[in-house]
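Below is one structure; the comments refer to it alone.
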Amino acid sequence: MRPANSSTASWLAAAVFAAAMTIGGGLAAAQSAPDSENGRYSMTPIPEGVLRLDTRTGTVSTCTKNGAGWACYAVPDERTALDAEIGRLQAEVEKLRGQIAAGPTVSGKIDEPLPKSDPLKKEPKVAEGDRKIEIPLPSDQDLDRVMSFLEKAWRRLIDMANRVQKDVSGKI
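Count along the sequence shown from 1, then add 2; that gives the number in my numbering.
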């Protein structure tokens with residue numbers, strides 16, 4: 003082996019530098035490739051063509067081949083509709099909160115409090131000496147209504163039994 007002189011060493015250093023630049027340049031070129039070659043879109047085959055997902059925006063499109071070439075159409079996004087509805091409802095809530103904060107808008111409101119007991123409700127009476135609870139008995143009108151209901155129910159039951167008996171005897 004002979005010792006390398008300075009011209010050979012400089013030539014060797016230049017070759018190594020050129021090789022490093024070639025390899026580094028290839029990596030830089032791969033990083034600055036167009037979006038379609040850098041994996042921005044993810045393609046999935048479907049029976050009609052291809053389903054395309056834009057990995058940056060999340061937009062989904064269906065791409066089909068027709069006579070003029072390939073055409074891609076955006077798939078309707080439910081998320082957009084849901085976001086719009088959420089925004090509308092939030093605006094409505096804020097509007098209602100503003101109305102509540104503005105003050106009472108109820109007409110006919112009275113300032114005195116309502117009575118604590120219901121005047122139509124019958125409370126059981128307490129006998130003074132015995133401290134027993136008296137339960138009010140139903141009125142004659144209440145009994146008449148119950149009896150009328152039971153009579154109608156009984157007649158309907160008898161009529162239904164007669165119809166069933168006629169249907170069965172006619173088929174035998």
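Where a beta carbon is used, it is the ideal one built from N, C-alpha and C, also for glycine.
I need the DSSP call for residue i, collapsed to helix, strand or coil.
{"i": "glycine 41", "result": "coil"}
{"i": "phenylalanine 114", "result": "Here the sequence assigns glutamate to residue 114, which means phenylalanine is not the residue at that position. Coil."}
{"i": "glycine 172", "result": "helix"}
{"i": "glycine 51", "result": "strand"}
{"i": "serine 34", "result": "Confidence at serine 34 is low in this model, with a pLDDT of 45, below 50, so its placement is unreliable and no value can be given for it."}
Determine the contact status of residue i and residue j, defining contact as a CB-CB distance below 8 Å.
{"i": "cysteine 74", "j": "threonine 64", "result": "yes"}
{"i": "tyrosine 43", "j": "threonine 57", "result": "yes"}
{"i": "leucine 53", "j": "threonine 61", "result": "no"}
Determine, for residue i, whether the minimum Cβ-Cβ distance to residues of chain E falls below 8 Å.
{"i": "alanine 163", "result": "Absent from the structure is chain E; it holds one protein chain and no more."}
Quick check for students: name the residue ranges of the alpha helix (DSSP H) that lie wholly in the region 53 to 85, counting only runs of 4 or more.
none
Within the region 130 to 156, note down every full alpha helix (DSSP H) run reaching 4 residues or more, in order along the chain.
none
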